[in-house]
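Q: If you're matching them up, the sequences are chains A and B in order. Taking the numbering used here, the leading residue of the first sequence gets 1, the next gets one more, and so forth. Taking the numbering used here, the leading residue of the second sequence gets 1001, the next gets one more, and so forth. Yeah, the Cβ is synthetic: ideal placement off N, Cα and C, and Gly gets one too. Fair warning: this is a prediction, and the values are worked out from it, not measured in the lab. Quick one: structure below, then a few questions.
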Amino acid sequence: MALRVKALQSLLVEKGLVDPAALDAIIDTYEHKVGPRNGARVVARAWTDAAYLARLRQDATAAIAELGYGGRQGEHMVAVENTPETHNLVVCTLCSCYPWSVLGLPPVWYKSSPYRSRAVIDPRGVMAEFGLVVPEDVEVRVWDSTAEIRYLVIPQRPAGTEGWSEDALASLVSRDSMIGVAFAGASGAGS
Amino acid sequence: MTAPDLADPPVFAEPWQAEAFALTVHLHAAGAFSWTEWADALSREIEATEADGLPDDGGRYYEHWLAALERLVTARGLAAPQALAARKHAWAKAYRHTPHGQPVTLAAGAG
Chain A
1 MALRVKALQS
11 LLVEKGLVDP
21 AALDAIIDTY
31 EHKVGPRNGA
41 RVVARAWTDA
51 AYLARLRQDA
61 TAAIAELGYG
71 GRQGEHMVAV
81 ENTPETHNLV
91 VCTLCSCYPW
101 SVLGLPPVWY
111 KSSPYRSRAV
121 IDPRGVMAEF
131 GLVVPEDVEV
141 RVWDSTAEIR
151 YLVIPQRPAG
161 TEGWSEDALA
171 SLVSRDSMIG
181 VAFAGASGAG
191 S
Chain B
1001 MTAPDLADPP
1011 VFAEPWQAEA
1021 FALTVHLHAA
1031 GAFSWTEWAD
1041 ALSREIEATE
1051 ADGLPDDGGR
1061 YYEHWLAALE
1071 RLVTARGLAA
1081 PQALAARKHA
1091 WAKAYRHTPH
1101 GQPVTLAAGA
1111 G
């Protein structure tokens, strides 16, 4: 594998199609700068600022860009809100489309065959494996991401957090809760 | 307070995965292909493996990624398949000819 990448890279660099410094910058960005903390900030803002939530509902791509997070793949972002009546779960059945700008790169299980194939047909079974039990009277909606549309789950704000600062709220928002396999504030859920 | 993401494994398990990832993002940004074309290529690789009865636990993801990238790059004429094969061979040779502990360069395999 390493040899194949080296071959590809060195050929493309020689042809002037690829700039090695740009490759280093991309790797640094995704290893160190982009991650679920971005998404957590979006969620915390949505919980505390009704006007922001309204903008997020209307045009999530723009509302997320307000906080400085923009996609490079030209993807359209959609925020899906969990409510007492509805729980949302995100998958990419074909490959691994994922909202990089707010969650970083996907975890290994998100890319696995079992998750991709079962999330749509048996979402409750999949969530149970993460230790998440969604009450029977709550509707579960599954969103299949594509190259063009990526989904960010806005989990429900945990009870008892009235008056909390945005920072404190953001710390309750895990990556898994923004994919839909955990609730916000549920410590240790679905790692 | 929870810190659920701190215990996650590194984003890339091995350096070549990071390099393959960055090549794709860079080539897309340079206009070599659209992201939809990329997602199609990657989906096809994954689908072909699964059709062969080889479900993936996610651990082989970047193998699919690299195969999709090679395919797309050669299909677009960005690099010729023969040149790619020759270059792979040259790198393999360079690795074999480089003394342990020295940086590997292509010249080490020449001649």
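Note down, in chain order, each residue of its chain lying with its Cβ closer than 8 angstroms to the Cβ of residue 107 (chain A), except the 5 sequence neighbours on either side.
A: Excluding sequence neighbours, residue 107 (chain A) sits near 175.
Q: Over the uninterrupted beta strand (DSSP E) stretch that includes residue 90 (chain A), give me the two end residues.
A: First-last of the beta strand (DSSP E) with residue 90 (chain A): 86-91.
Q: Have a look at residue 1005 (chain B) and residue 1032 (chain B) and give me their C-alpha separation to the nearest angstrom.
A: For residue 1005 (chain B), the predicted structure reports a pLDDT of 48, less than 50, and the residue's modelled location is therefore unreliable. The matter cannot be settled from this model.
Q: Would you call the segment 1027-1045 of chain B in contact with the segment 137-148 of chain A, where contact means no fewer than 3 C-beta pairs closer than 8 angstroms?
A: The answer is yes - the segment 137-148 of chain A touches the segment 1027-1045 of chain B, with three or more Cβ pairs under 8 angstroms.
Q: Is there contact between the segment 27-41 of chain A and the segment 155-165 of chain A, where contact requires at least three CB pairs shorter than 8 angstroms?
A: No, because fewer than three Cβ pairs between the segment 27-41 of chain A and the segment 155-165 of chain A fall closer than 8 angstroms, the two stretches do not touch.
Q: Taking 8 angstroms as the CB-CB cut-off, is residue 89 (chain A) touching chain B?
A: Answer no: the Cβ-Cβ gap between residue 89 (chain A) and chain B never drops below 8 angstroms.
Q: Name, please, each residue of chain A whose Cβ falls closer than 8 angstroms to the Cβ of residue 1026 (chain B).
A: The answer, in chain order, is 18, 19, 22, 23 and 26.
Q: Can you name the residues that DSSP bridges to residue 41 (chain A)?
A: The partner list for residue 41 (chain A) (beta bridge, DSSP) is empty, contrary to what the question assumes.
Q: Can you give the Cα-Cα distance for residue 54 (chain A) and residue 1075 (chain B), rounded to whole angstroms?
A: Approximately 44 angstroms between the Cα atoms of the pair.
Q: If the cut is a Cβ gap below 8 angstroms, which residues of chain A does residue 1105 (chain B) touch?
A: The premise fails here: residue 1105 (chain B) is roughly 10 angstroms from chain A at the closest Cβ pair, so nothing lies under 8 angstroms.
Q: Distance, Cα to Cα, residue 91 (chain A) vs residue 1069 (chain B)?
A: Each residue's alpha carbon lies about 23 angstroms from the other.
Q: Going by DSSP, what residue range makes up the beta strand (DSSP E) through residue 1026 (chain B)?
A: No beta strand (DSSP E) holds residue 1026 (chain B); the alpha helix (DSSP H) holding it covers 1015-1029.
Q: Spell out whether any CB of chain A is found under 8 angstroms from the CB atom of residue 1056 (chain B).
A: Closer than 8 angstroms: yes.
Q: How about the segment 1077-1094 of chain B and the segment 1051-1063 of chain B: do they share at least three Cβ pairs that are nearer than 8 angstroms?
A: Contact fails: fewer than three Cβ-Cβ distances are below 8 angstroms.
Q: Leaving out five residues on either side along the sequence, give the residues of the same chain with a beta carbon under 6 angstroms from the beta carbon of residue 154 (chain A).
A: Only 43, 46, 79 and 81 meet the Cβ criterion.
Q: For the segment 28-42 of chain A, list every residue whose C-beta sits within 8 angstroms of some C-beta in chain B, in sequence order.
A: Those residues of the segment 28-42 of chain A that come within reach of chain B (Cβ to Cβ, closer than 8 angstroms) are 30, 31, 35, 36 and 37.
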